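In this note's numbering, the protein residues as written are 12 to 101.
Note that the Cβ used here is the ideal one computed from N, Cα and C, for glycine as well.
As the structure is a computational prediction, the values presented were derived from the model and not from experiment.
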């Protein structure tokens, strides 16, 4: 499973997982890819352990719901050794 497949499988609008944030209905993989791309270009980068970084980016519009169910415009990305581990509405 590729990184984007993992992200959409777990956090897509129709994901069957509970207790996870989800992207809004009508969101497609290409939309998530765009959010991730913008976050990597313009987001706030914070070191997170050896070889790790957390990137947060406000997309300027609601992109999904947080774990608590609140609408959110922020995406959070975890990167380890240059590889995206996950990305989700935050």
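Pair within 8 Å by beta-carbon distance, residue i and residue j
i          : j          : result
residue 74 : residue 58 : no
residue 6  : residue 15 : As displayed, the chain neither begins before 12 nor continues past 101, which places residue 6 out of reach and without an answer.
residue 21 : residue 63 : no
Cα-Cα separation, residue i to residue j
i          : j          : result
residue 70 : residue 89 : 17 Å
residue 31 : residue 77 : 7 Å
residue 51 : residue 66 : 7 Å
residue 56 : residue 68 : 9 Å
residue 47 : residue 26 : 19 Å
residue 4  : residue 93 : What is shown of the chain runs 12 to 101, which leaves residue 4 out entirely.
Reduced DSSP category for residue i - H, G, I as helix; E, B as strand; rest coil
i          : result
residue 49 : helix
residue 72 : coil
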